[in-house]
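Quick note: the working numbering has the sequence shown finishing at residue 153, numbered continuously throughout.
The beta carbon of each residue, even a glycine, is placed where N, CA and C say it ideally should be.
Structure first, then comments.
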Amino acid sequence: QVQLVESGGGLVQAGGSLRLSCAASGSVFSILNMGWYRQAPGKQRELVASITSTGRTNHIDSVKGRFAISRDNAKKTVYLQMNSLKPEDTAVYYCGPVPPYGSFQWGQGTQVTVSS
């Protein structure tokens, strides 16, 4: 099992940057593929970026070139660097395993609001 706490969200103007962090507890973090998900009001949660246990990354088309996921297994932390933010990036951002296993409990997430 892994417990996750997200931080780093906030209110930013379009074109600005934020860096999200996800601190993990539990002994299995380093072997998990991890991801950043987001959920906008009235929409389903979507996977934005993922990183394997060995560091291979993938990003959805709408954030490619603007967002970058990374991880530090020694610190049990996953990051999401977000640049050139757009109003459509506004959402609650969560981190979690990819795919989420059956008993996984989502954290509270961190709110990102981008003003135009």
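For residue i, the nearest candidate out of the options (CA to CA)
i      : options                       : result
THR147 : ALA77, SER62, LYS101, MET71   : ALA77
ASN70  : ARG56, SER99, THR91           : THR91
VAL42  : TYR131, ILE88, GLY139         : TYR131
THR150 : VAL115, TYR138, PRO124, ASP98 : PRO124
ARG103 : ILE88, ARG82, ASP126          : ASP126
PRO134 : TYR74, SER58, SER153, ARG93   : TYR74
ALA51  : VAL129, ASN120, GLN142        : ASN120
TYR138 : VAL49, GLY72, GLY46           : GLY72
ILE68  : ILE88, LEU57, SER58           : ILE88
LEU48  : CYS59, VAL85, VAL115, VAL129  : VAL129
Residue range of the beta strand (DSSP E) that includes residue i
i      : result
ILE68  : ILE68 -> no beta strand (DSSP E), and no H or E assigned at all.
SER64  : Counting along the chain, SER64 falls outside any beta strand (DSSP E), and DSSP gives it neither H nor E.
GLN118 : 114-119
Residue i (DSSP reduced to helix, strand or coil)
i      : result
PRO124 : helix
VAL100 : helix
TYR130 : strand
ARG108 : strand
ALA77  : coil
Cβ-based neighbour list, residue i, same chain, cut-off 7 Å, excluding 5 preceding and 5 following
i     : result
GLY53 : LEU122
Cross-strand partners of residue i (DSSP beta bridge)
i      : result
ASN95  : SER87
SER152 : GLN50
SER58  : SER44, TYR116
8 Å Cβ shell around residue i - same chain, five flanking residues per side excluded
i     : result
PHE66 : VAL39, ASN110, LYS113
Residues near residue i by beta carbon distance below 6 Å, same chain, minus five either side
i      : result
ALA61  : VAL39, LEU41, LYS113
ARG82  : TYR74, GLN76
TRP143 : TYR131
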